[in-house]
Every structure is written in C-alpha cells, then in structure tokens.
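A.B. asks: Got a structure here, written out as structure tokens. Questions coming.
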Amino acid sequence: MLVNLTDVFTNEGQVQEQTVSYDADMFTSQSGTFSIKESSPVALRLSNIGQSKALVQGTAKLTFALACDRCLQDVDYTFDLSFDTVVISPDYTGEDAAEEAASELMEGYHLNVDELIKNELLLNWPMKILCREDCKGICKSCGKNLNDGECGCDDFVPDPRMAAIKDLFDANKEV
Ligand SMILES: [Zn+2]
Ligand SMILES: [Zn+2]
109 MLVNLTDVFT
119 NEGQVQEQTV
129 SYDADMFTSQ
139 SGTFSIKESS
149 PVALRLSNIG
159 QSKALVQGTA
169 KLTFALACDR
179 CLQDVDYTFD
189 LSFDTVVISP
199 DYTGEDAAEE
209 AASELMEGYH
219 LNVDELIKNE
229 LLLNWPMKIL
239 CREDCKGICK
249 SCGKNLNDGE
259 CGCDDFVPDP
269 RMAAIKDLFD
279 ANKEV
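Just so it is clear: in the sequence shown, position 24 is 132 by my numbering, and no numbers are missing.
Written out as structure tokens, the structure reads:
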C-alpha cells in the first residue's frame, strides 16, 4: 500500500491522519514465512516537519500463528506496533539528507506502508516463542506433546558424546 505524501511534504505545518489497510496474509523474513491470522488497519499520522520532510507516526496490530519453540504447537502472537519515523521526499536538499533518508520506505513521493510494517515486525520479532512459560515441549523419544501428559518413556536421553565415551570405557574394560 502506497500513501502519497506530496501534500505533507509541500505544506508547512500540515498534519494528515489516515487509515490504510494492511492486507498481507503472509510475512516472510530470513527466519521463514509466517501466516498472519488477523491485522488491523494501519493508523497513520503524517506531519510536515520542514520542507520535503515528514514525520510518520502510527500504530497497527497484527496477530500471527507462530510455532512454539518447544512443542511446535501454533500460538497466537500479537504485535502491537507503534512507530515513529522521519522520511524525506526526493526533493529534500538538507545537509543531513544522507542520514535522514529512511529511503527504503519511500518510492518517490509515496510512503510504502507494507515496507514500514515489515521493518517494524523485524524490529519487534520475539527472541523466543512459547505457548506458555512452562511449556514442557515434546518427548525426544516418542514425539508426544508433554503438555498433554507424560508419555511413559524413559526420559534419560543419552548425550551422543557421552555414549561414545562410555562405549570406549566398556571396550577397555573387556580387554
Ligand atoms: Zn509449547
Ligand atoms: Zn515419549
């Protein structure tokens, strides 16, 4: 979704409020492709803060179905985004042009809202996703989701390196 900022860039003191839809149902990043279950429209407040310069503020809410890191069950994860960024038009001639240019967000005089949301999602992406704080994960032997109850497997899972040392030890003992 592109939003035309021409009026904001050229009219001193101008403030515009707009709501734009965010329709993507997938989000792809370096760590994979994730499905978006629900997304609110993006509420934007666009303010002129100088010739060819605008402040973009806004909020958006997106709910993803993400897999729990331990048990792999889908978990609803909601991002409550709130952002605040400065953009400049291609006409901007200020000395700080290089550092001001959040240029990946602009296509000419248009703000690329999809790109903006994508950046915010990356910034806010969780380090860890758990269905609950004390998720027990899945059994390494039988694959049962241990949140649903014990599976009865011997829960001692030998470390392969330790097993190798033990084999060596046993072999020596036999000699
Ligand atoms: Zn879990
Ligand atoms: Zn098991």
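Here a beta-carbon is modelled for each residue, glycine too, at the ideal position from N, C-alpha and C.
Mind checking L213: buried by the 16 CB within 10 Å criterion, or exposed?
C.D. replies: Counting Cβ neighbours within 10 Å, L213 comes out buried, since at least 16 surround it.
A.B. asks: Out of T201, T167, G202, which has the shortest C-alpha to C-alpha gap to T186?
C.D. replies: Nearest of T201, T167, G202 to T186, Cα basis: T167.
A.B. asks: Considering just the uninterrupted stretch of the beta strand (DSSP E) at D184, what are its terminal residues?
C.D. replies: First-last of the beta strand (DSSP E) with D184: 182 to 196.
A.B. asks: Please identify the residue among N119, S139, C243 whose C-alpha is closest to the C-alpha of I157.
C.D. replies: If we check each option's Cα against that of I157, N119 comes out closest.
A.B. asks: Counting by C-beta, which residues lie closer than 6 Å to a heavy atom of ligand 2, in chain order?
C.D. replies: Going along the chain, the residues that qualify are C247, S249, C250, K252, C259, C261.
A.B. asks: Three or more beta-carbon pairs under 8 Å between the segment 168 to 187 and the segment 135 to 149, yes or no?
C.D. replies: Because the criterion of three Cβ pairs below 8 Å is met, the segment 168 to 187 and the segment 135 to 149 touch.
A.B. asks: When the distance is taken between beta carbons, is L229 closer than 9 Å to F135?
C.D. replies: Cβ atoms of F135 and L229: closer than 9 Å.
A.B. asks: Just to check, is the beta-carbon of G245 closer than 8 Å to a non-hydrogen atom of ligand 1?
C.D. replies: Result yes, Cβ under 8 Å from ligand 1.
A.B. asks: Are there three or more Cβ pairs, one per stretch, closer than 8 Å when the segment 177 to 184 is compared with the segment 243 to 251?
C.D. replies: Touching, yes, given that three or more Cβ pairs across the two stretches are closer than 8 Å.
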